[in-house]
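Chemist: Numbering (the numbering used here), first residue to last: 2 to 423.
1. Could you check whether residue 111 and residue 94 sit closer than 8 Å to each other, using their CB atoms as the reference points?
2. Would you identify the three-state DSSP class for residue 29, choosing helix, strand or coil?
3. Tell whether a beta-carbon distance below 8 Å holds between residue 163 and residue 254.
4. Can you tell which of 2, 313 and 90 has its C-alpha closest to the C-alpha of residue 300?
5. Out of curiosity, what's the CA-to-CA distance linking residue 345 and residue 367?
6. What separation, rounded to the nearest whole angstrom, lies between the Cα atoms of residue 7 and residue 203?
7. For the beta strand (DSSP E) containing residue 174, list its first residue and its last residue.
8. To the nearest angstrom, how far is the alpha carbon of residue 259 from that of residue 50?
9. Where do the N-terminal and C-terminal ends of the beta strand (DSSP E) with residue 80 fall, by residue?
10. When the cut-off is 8 Å and only beta carbons count, does residue 198 lie next to chain D?
11. Residue 47: buried (16+ other C-beta within 10 angstroms of its C-beta) or exposed?
12. In terms of residues, what are the limits of the beta strand (DSSP E) holding residue 51?
13. What number of angstroms, rounded off, separates the C-alpha of residue 275 from the C-alpha of residue 292?
14. Take residue 169 as the anchor and find which of 161, 219 and 190 has the nearest alpha-carbon.
15. Starting from residue 62, trace the alpha helix (DSSP H) both ways and give me its first and last residue.
16. Look up residue 3 in the DSSP assignment and give the residues it is bridged to.
17. Residues in the same chain with beta-carbon distance under 8 Å from residue 131, minus the five sequence neighbours each way, listed in chain order, please.
18. Starting from residue 233, trace the beta strand (DSSP E) in both directions and tell me its first and last residue.
19. If contacts are defined as beta-carbon pairs under 8 Å, then residue 248 and residue 272 qualify, I think. What distance do you get, rounded to the angstrom?
20. Among residues of its own chain, excluding the 5 on either side of residue 19, which ones have a beta-carbon nearer than 7 Å to its beta-carbon?
21. What number of angstroms, rounded off, separates the C-alpha of residue 246 from the C-alpha of residue 166?
22. Where do the ends of the beta strand (DSSP E) carrying residue 39 lie?
23. Here's the rule: buried if 16 or more other CB atoms are within 10 angstroms of the residue's CB, otherwise exposed. What is residue 61?
24. Which stretch, first to last residue, makes up the alpha helix (DSSP H) that contains residue 344?
25. Say yes only if the C-beta of residue 8 is nearer than 7 Å to one or more non-hydrogen atoms of the ligand SAM, and no if none qualify.
26. Taking the straight line between their C-alpha atoms, what separation do you get for residue 242 and residue 263?
27. In terms of residue numbering, what span does the alpha helix (DSSP H) encompassing residue 197 cover?
28. Checking 8 Å against the spacing of the C-beta atoms, do residue 295 and residue 148 come in under that value?
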């Protein structure tokens with residue numbers, strides 16, 4: 002398994018925004034390569050993750066080149082391989098790699114990405130197992146830890162850090178209608194704030210104001226005038242509030258991954274700026290034990306899915322074994338006499354089947370002894386049939402020994418029957 006990744010905290014939101022519109026056909030393009038068995042593409046506003054199920058000989062250079070054909074300037078992908086790739090998917094699903102640790106939205110986005118891959122036929126069974134197990138672990142983390150509340154409490158903690166004493170009389174302006182805007186309105190009203198205004202340069206401010214019963218202000222300068230607190234939820238990759246916009250002492254709560262408030266604003270006299278980083282620093286100590294528990298659950302989940310995926314490797318061999326045995330059963334059934342069977346008829350047929358099943362293992366045992374690999378063979382026999390490897394087996398006497406499972410020996414049949422069974 003391999004994961005090519007572009008993340009908000011590694012390459013930055015502007016790079017995520019540049020890459021995101023160009024990955025619609027990535028899955029079909031990559032799965033057209035013979036060395037790619039499946040692909041799932043997770044494309045969100047904070048990250049682009051390309052999950053691949055590949056053959057062992059797949060070249061990272063070739064895969065990267067196929068990924069980059071859609072870009073004039075190739076992005077610098079982070080690459081996770083094998084167990085590290087699984088661990089990355091599990092951490093992403095659990096919200097442990099989100100800017101706001103414990104946020105649950107990412108799990109739903111990953112679930113929808115898998116569903117889309119299943120619908121267009123681009124995923125594979127190993128990828129489906131990996132993502133399903135990651136989502137299962139994510140749900141377990143939500144049940145067994147309080148990290149989900151860490152994500153929900155970002156707005157509340159941010160408001161606490163602003164130092165306002167009289168919320169009911171405060172005037173608050175929300176700039177932008179991003180993912181936190183609705184939560185901000187709810188948190189402000191829970192504190193008794195009655196005067197809430199909204200401004201959005203995207204043109205969505207009026208509709209947001211109508212749906213939340215707020216006052217819409219079209220001009221930014223007017224929106225900032227006379228406000229006690231400005232909460233920004235825009236996050237388009239460049240500051241919207243510069244030093245020139247600040248009108249005396251003011252408080253700013255910046256809830257954008259890429260700052261909406263220019264860094265220089267915080268240095269102004271009488272201005273207080275709280276951003277997501279400072280909120281996270283305040284939250285993390287409260288959820289340290291939950292984070293450790295989540296990390297342990299991720300580690301256990303990765304170990305479990307690794308066992309499941311490794312067990313799939315032998316599936317073709319198991320299917321082949323079953324088919325071979327059933328073919329022998331069908332052949333022996335066809336040999337049965339066309340009359341009511343006696344006990345002796347049934348016993349003979351079963352002995353003949355057992356003899357045919359044991360022929361190759363018996364021959365290989367003799368060959369192993371001749372080649373000095375007796376111990377190796379006995380260990381394999383113990384692994385396959387649960388027969389103790391401590392017994393010393395004389396290959397020359399094997400035909401007179403009884404199978405511990407069927408209790409039959411080759412010489413239980415007369416020479417003619419044995420010859421027929423062979």
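Ideal Cβ positions, reconstructed from N, Cα and C, are used throughout, including at glycine. Being a predicted model, the structure only gives us computed values, none of them experimental.
Modeler: Let's see:
1. Counted from its first residue, the chain shown places residue 94 at position 93. Counted from its first residue, the chain shown places residue 111 at position 110. The beta carbons of residue 94 and residue 111 sit closer together than 8 Å.
2. Stepping through the chain shown from its first residue, residue 29 is reached at position 28. Looking at residue 29 - three-state DSSP - the assignment turns out to be helix.
3. Here residue 163 refers to the residue found at position 162 when the chain shown is read from its first residue. Here residue 254 refers to the residue found at position 253 when the chain shown is read from its first residue. Closer than 8 Å, so yes.
4. Locating residue 300 in the chain shown gives position 299, counting from the first residue. With distances taken between Cα atoms, residue 300 lies closest to 90.
5. In the chain shown, residue 345 corresponds to position 344, counting from 1. In the chain shown, residue 367 corresponds to position 366, counting from 1. Going by the C-alpha atoms only, they are around 31 Å apart.
6. Here residue 7 refers to the residue found at position 6 when the chain shown is read from its first residue. Here residue 203 refers to the residue found at position 202 when the chain shown is read from its first residue. Each residue's Cα considered, the two are about 25 Å apart.
7. Within the chain shown, numbered from 1, the residue matching residue 174 stands at position 173. Element bounds for residue 174: 172–176.
8. Here the question's residue 259 lines up with position 258 in the chain shown. Here the question's residue 50 lines up with position 49 in the chain shown. Cα-Cα distance, rounded: 19 Å.
9. By one-based count along the chain shown, residue 80 stands at place 79. First-last of the beta strand (DSSP E) with residue 80: 79–82.
10. The structure shown has no chain D; it contains just one protein chain.
11. Within the chain shown, residue 47 is the residue found at index 46, counting from 1. That one is buried.
12. Reading the chain shown from its first residue, position 50 is the one you call residue 51. Taken as a continuous stretch (DSSP letters only), the beta strand (DSSP E) holding residue 51 covers 48–55.
13. As a working mapping, residue 275 is identified with position 274 in the chain shown. As a working mapping, residue 292 is identified with position 291 in the chain shown. About 23 Å.
14. To locate residue 169, count along the chain shown from 1; it is residue 168. Residue 190 is the option with its Cα nearest to residue 169.
15. As a position in the chain shown, residue 62 is number 61, starting the count at 1. Where residue 62 is concerned, the enclosing alpha helix (DSSP H) stretches over 61–68.
16. As a first step, residue 3 is located in the chain shown; it is residue number 2 there, counting from the start. Per DSSP, 53 and 82.
17. Here residue 131 refers to the residue found at position 130 when the chain shown is read from its first residue. Counting only Cβ-Cβ distances below 8 Å, and skipping sequence neighbours, we find 2, 52, 87, 90, 306 and 310.
18. Translated into positions along the chain shown, residue 233 becomes position 232. Run containing residue 233: 230–233, per the beta strand (DSSP E) assignment.
19. Against the chain shown, residue 248 aligns to sequence position 247. Against the chain shown, residue 272 aligns to sequence position 271. 10 Å between Cβ atoms; not a contact.
20. As a position in the chain shown, residue 19 is number 18, starting the count at 1. Once the five neighbours on either side are set aside, residue 19 has no close Cβ partner at all.
21. Position 245 of the chain shown, counted from the start, is the residue given in the question as residue 246. Position 165 of the chain shown, counted from the start, is the residue given in the question as residue 166. Spanning the two alpha carbons is a distance of roughly 24 Å.
22. The residue labelled residue 39 in the question sits at position 38 within the chain shown. Counting along the chain, the beta strand (DSSP E) containing residue 39 begins and ends at 37–44.
23. The sequence position of residue 61 within the chain shown is 60, counting from 1. So residue 61 ends up on the exposed side.
24. For the purposes of this step, residue 344 is taken as residue 343 along the chain shown, with counting starting at 1. It spans 344–371 - the alpha helix (DSSP H) in which residue 344 sits, taken as one unbroken run.
25. Absence of the ligand SAM from the depicted structure is noted, as is the absence of any ligand whatsoever, leaving it without description.
26. Along the chain shown, one-based indexing puts residue 242 at 241. Along the chain shown, one-based indexing puts residue 263 at 262. Answer to the nearest angstrom: the Cα atoms are 6 Å apart.
27. Taking the chain shown and counting its residues from 1, the one referred to as residue 197 is at position 196. Taken as a continuous stretch (DSSP letters only), residue 197 belongs to no alpha helix (DSSP H), being part of the beta strand (DSSP E) at 196–200.
28. Residue 295 sits at position 294 when you count from the first residue of the chain shown. Residue 148 sits at position 147 when you count from the first residue of the chain shown. Cβ distance < 8 Å, so residue 295 and residue 148 count as in contact.
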